[in-house]
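Working notes, structure below.
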Amino acid sequence: MTGSRRNRSTFLPRFTGAGTRTARAAGALVACASLAVGCGVIPGTAAAGDDSITVMTWAPSDTKATNKPGMPAFAQAYARWINSKGGINGRKLKVLTCNEHNDSVAVAKCARIAVKRNVAAVVGSYSQYGDSYLPTLEGAGIPYIGGYGITNAEFTSPLSYPVNGGQPALLAGLGKELAAGCGPVVLVRPDTIAGDELAPMLDSGLTTGKHAVAIDQRAADDTTEYSTPTERALEAASDDPEKKGCVIPTLGDRTGTFMDSFRRSRDQYPGVSTAATLGNVDQTVVNESGGESSPYEGSYITSWYPAATDRLWDPMKKVISEEAFGDNRIDATDAGVQTTWIAYTVLKAVVESLDGGEVSAETIRRTLNNGLEVTTGGLTPTLKWGFQGKLATIGFSRMVNADVTLQVVRKGQLVAARKGFLDVTKTLQTAEVN
């Protein structure tokens, strides 16, 4: 492995009082006074001082690891679309964007900009460094709506309003599905703090199905060559001659690089198959890796949402067609783009529920905490946040949606493996979270 990992908790304390919040917010404003990072605003929106609603979306772009440029790009397209229809309840939507560069310092700067610009919420964003941005948002009272679910902190912070079950739900569902049919299961994951959180979730699903825990194999987050991790994974997965082993790569955008090495070596290990979670593998990845001849053919993929071919996504695709046609950053099959759509659906529902009243971080937060029910057109169950969810027993007090779907790659296409959602709440309750 390369580099070292800091041993720090991703679990954040709750508010400690108004004095702490004020001090944090003041500190963030001072730190932001001379700040300059990649942050933009959608052109053509209302100027400061009017009745517009300002929010921020951030995600990594142009990095050597995971990139999600489609999330802020779609947020801007959504703003153009909703503003062309008169805004939300007559208010124009202003979207600030920030490149968090897959870096804890950069995302902390994004959060400080959000505080300085007095955003009403951070919406539909991605970062694996929750402990770098959530304290700043908490200090300023800014809600974090629809994060990608990449860290446990998103399910513990009192100002986080996740729309899906994140990697915990995906891995628990995948483990439960693979338990009956797989021999040794190998999890190949980043050697990062966020990566450390993945194995217990997968293990909760495997052990529910009376399977041994996964072999936890770390890999450098930004490496460009995976021949050694591939060989180790294949050897470990083929240890049982009676049952086909399974390799699960969870390396974000580096999953494709890993699978290039896997494809070259797998012929020597015929008793090994693959499985994955959406976000690591989607239709674009399958296409780029050979479609029907890709190493993913026959693989099970867990997702938070229905398959991208489902007509439930037509409203989102209409926005892309009308406001972002030809923008190759935005892919309707990308789980990040889909999450951003659902997050802005939540924002819209909150603003509409205020019925012309003040729209601010405080009113949005209060509305969500008071139990507003948000429907998403069948893409998720009805979302409703409180202070103690069903998974509070393992620390995930903010997780209100632990549903996943099971998809499979058939003839090069990701299709539903079974109808409907699978609720993995009870499975996750057995997870041994650090």
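Just so it is clear: in the sequence shown, position 399 is 457 by my numbering, and no numbers are missing. Cβ atoms here follow ideal geometry from the backbone N, Cα and C, with glycine treated the same way. None of the values given here were measured: they were computed from a predicted structure.
Among the options, which has the Cα closest to the Cα of residue i?
i                 : options                           : result
glycine 394       : Leu195, Asn222 and Lys122         : Asn222
proline 118       : Asn157, Leu464 and Tyr136         : Asn157
lysine 268        : Ile200, Val462 and Leu260         : Leu260
alanine 122       : Gly470, Thr282, Gly435 and Ser351 : One point to set straight first is that residue 122 is lysine, not alanine, in the sequence displayed. If we check each option's Cα against that of lysine 122, Thr282 comes out closest.
asparagine 513    : Val473, Gln465, Ile200 and Glu431 : As shown, the chain starts at 59 and ends at 492. That puts residue 513 outside it, with no answer to give.
glutamate 289     : Leu236, Phe383, Ser319 and Tyr219 : Ser319
glutamate 346     : Lys376, Ala333 and Gly314         : Gly314
aspartate 372     : Leu464, Ala474 and Gly435         : Gly435
glycine 470       : Ala291, Val417 and Val344         : Val344
glutamine 275     : Leu264, Gly263 and Val246         : Val246
cysteine 240      : Pro220, Leu228 and Gly263         : Gly263
methionine 374    : Gly414, Leu229, Ala198 and Ile140 : Ile140
arginine 423      : Ala178, Ala295, Asp392 and Ser357 : Ala178
lysine 376        : Lys126, Met129, Pro127 and Ala135 : Ala135
phenylalanine 479 : Val244, Gly231 and Leu292         : Gly231
asparagine 427    : Ala277, Ser218 and Asn125         : Ser218
proline 242       : Asp279, Cys168 and Ala291         : Ala291
leucine 464       : Pro201, Gly349, Ser183 and Ala365 : Ala365
With a cut-off of 8 angstroms on the beta carbons, I'd call residue i and residue j a contact; round off their distance for me.
i              : j              : result
threonine 398  : alanine 133    : 6 angstroms
leucine 370    : leucine 437    : 6 angstroms
valine 165     : tryptophan 116 : 7 angstroms
glutamate 490  : proline 258    : 5 angstroms
isoleucine 208 : glutamine 225  : 6 angstroms
threonine 266  : threonine 485  : 5 angstroms
glycine 197    : glutamate 420  : Contact flag wrong, Cβ pair sits at about 14 angstroms.
alanine 295    : valine 244     : 5 angstroms
DSSP has residue i in a bridge; who is on the other side?
i            : result
glycine 303  : Val330
serine 218   : Tyr202
leucine 405  : None, per the DSSP bridge assignment.
proline 248  : Ala277
leucine 480  : Val462
arginine 387 : Arginine 387 is not bridged to any residue.
Where residue i and residue j are concerned, what is the direct C-alpha to C-alpha distance, given to the nearest angstrom?
i              : j              : result
lysine 477     : isoleucine 359 : 14 angstroms
arginine 138   : arginine 175   : 20 angstroms
methionine 114 : alanine 272    : 38 angstroms
threonine 440  : aspartate 325  : 45 angstroms
glutamine 341  : asparagine 147 : 36 angstroms
valine 163     : alanine 131    : 22 angstroms
glutamate 381  : glycine 144    : 15 angstroms
valine 467     : glutamate 355  : 5 angstroms
leucine 472    : isoleucine 111 : 37 angstroms
serine 185     : alanine 237    : 30 angstroms
serine 361     : glutamine 396  : 11 angstroms
lysine 406     : arginine 322   : 47 angstroms
glutamine 487  : proline 287    : 31 angstroms
glutamate 293  : lysine 234     : 23 angstroms
serine 357     : valine 404     : 32 angstroms
valine 417     : glycine 188    : 25 angstroms
serine 142     : aspartate 413  : 20 angstroms
Closer than 8 angstroms, CB to CB, is residue i near chain C or not?
i           : result
proline 127 : Given the protein chain composition of this structure (a single chain), no chain C is represented.
Counting Cβ pairs, one atom from each stretch, are 3 or more of them under 8 angstroms apart for the region 442-461 and the region 213-233? Three or more Cβ pairs drawn from the region 442-461 and the region 213-233 lie within less than 8 angstroms of each other, which places the two stretches in contact.
Does the region 325-335 come into contact with the region 299-307, if we say contact requires no fewer than three beta-carbon pairs (one atom in each stretch) closer than 8 angstroms? Touching, yes.
Touching or not, the region 380-390 and the region 192-201, by the rule of three or more beta carbon pairs under 8 angstroms? The region 380-390, when compared against the region 192-201, does not touch it at the 8 angstroms Cβ threshold.
Inter-stretch contact at 8 angstroms, needing at least 3 Cβ pairs: the region 245-253 / the region 305-312: Yes, they touch.
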